[in-house]
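Down below is the structure, laid out as structure tokens.
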Amino acid sequence: MKKAARVFAGMAVAVCMMMTAGSAVAAENGSKFKLGVGTYGLIIEGDSATQGTDDDTFYGGALVGTACFTQHVAIRGAFYATEHEDYSDLEMSGMDLQLLLGTNFYEGFNVFGGIGVYSETLEMSGGSFNGVSINAEKDFSGAQASFGVGYSWSKVSLDYVINIRDKSDYEDFIREYSGTNSVDNIVAVSGGITLSYIF
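All the letters of the sequence shown, read from the start, carry residue numbers 250 to 448 under my numbering.
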């Protein structure tokens, strides 16, 4: 959680600087806000954090909000709830937040990227791990790099976002529950498609 707090503090400073630098553009065009719903997926690939398979995949939905301070600077946040692809007793829910720089958040085609943080909880209810019944929760958090493309009309936008996550919390979880110090080739990626209303 301390890692996420440090990244968030750095993002807040960067946002203040960019808002100041972009105040002339914002004054001319005004800020815009987007609120939408979409799909959300999380893939943790490599040594399994849950059931001993090669990867763990969670699918679900998200409520997403975006504040566009200028046509090139935005903050995007999502609240999501997902379920494991193969084991319905495993659920992952949480939030992520990104500071984004893009070609045009207001209208038309947009390519964007940025940095962010995520914080989530894995709920294990009624399942088992290595033959032991589990009813527990586990928290994960960290930094992430975000990339995406989208298109905005006058009142509606469609975006596709991919987040490449800091994997250290997932690696710690694998070490704790698998009883091994050997953790190789872990990759954690989240993202989804969002349809939003612009106001």
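Note that beta-carbon positions come from the ideal geometry of N, C-alpha and C, so glycine has one too.
Going by the CB atoms, is the gap between residue j and residue i shorter than 9 Å?
i, j, result
"leucine 407", "serine 439", "no"
"phenylalanine 448", "glycine 399", "no"
"glutamate 294", "alanine 437", "yes"
"glycine 290", "glycine 441", "yes"
"glutamine 247", "asparagine 412", "In the structure displayed, the chain extends from 250 to 448; residue 247 sits before or after that span and is not available."
"glutamate 425", "isoleucine 435", "no"
Quick check on the burial criterion: 16 or more other C-beta atoms within 10 angstroms. Buried or exposed for residue i?
i, result
"leucine 284", "exposed"
"lysine 404", "exposed"
"serine 337", "exposed"
"glycine 357", "exposed"
"alanine 385", "exposed"
"aspartate 345", "buried"
"phenylalanine 307", "buried"
"asparagine 359", "buried"
"glutamate 369", "buried"
"aspartate 335", "exposed"
Is residue i helix, strand or coil when you go by DSSP?
i, result
"tyrosine 426", "helix"
"glutamate 294", "strand"
"aspartate 418", "helix"
"serine 445", "strand"
"glutamate 386", "strand"
"tyrosine 329", "strand"
"isoleucine 435", "coil"
"aspartate 338", "coil"
"alanine 270", "Per-residue confidence for alanine 270 stands at a pLDDT of 43, beneath the threshold of 50, marking its modelled position as unreliable; the derived number appears in the next sentence. Helix."
"threonine 315", "strand"
"glutamine 320", "coil"
"glycine 287", "strand"
"asparagine 412", "strand"
"phenylalanine 354", "coil"
Nearest to residue i by alpha carbon, out of the options?
i, options, result
"tryptophan 402", "Arg325, Ala323, Asn353", "Asn353"
"serine 280", "Ile293, Ile292, Cys317, Thr306", "Cys317"
"methionine 373", "Ala437, Asn412, Glu340", "Glu340"
"valine 450", "Gly365, Phe389, Asp421, Ile423", "Limits of the chain in this structure are 250 at one end and 448 at the other, which puts residue 450 out of reach."
"leucine 220", "Ser342, Asn434, Ile292, Gly397", "Since the displayed the chain opens at 250 and closes at 448, residue 220 lies outside it and no answer follows."
"aspartate 388", "Leu371, Ser395, Ala394", "Leu371"
"alanine 394", "Lys416, Tyr367, Gly363", "Gly363"
"isoleucine 324", "Phe282, Asp335, Ala330, Glu334", "Phe282"
"tyrosine 329", "Asp305, Asp304, Tyr367", "Tyr367"
When you compare the region 285-295 with the region 303-317, are there three or more beta-carbon pairs, one atom per stretch, that lie closer than 8 Å? With the cut-off at 8 Å, the region 285-295 and the region 303-317 touch.
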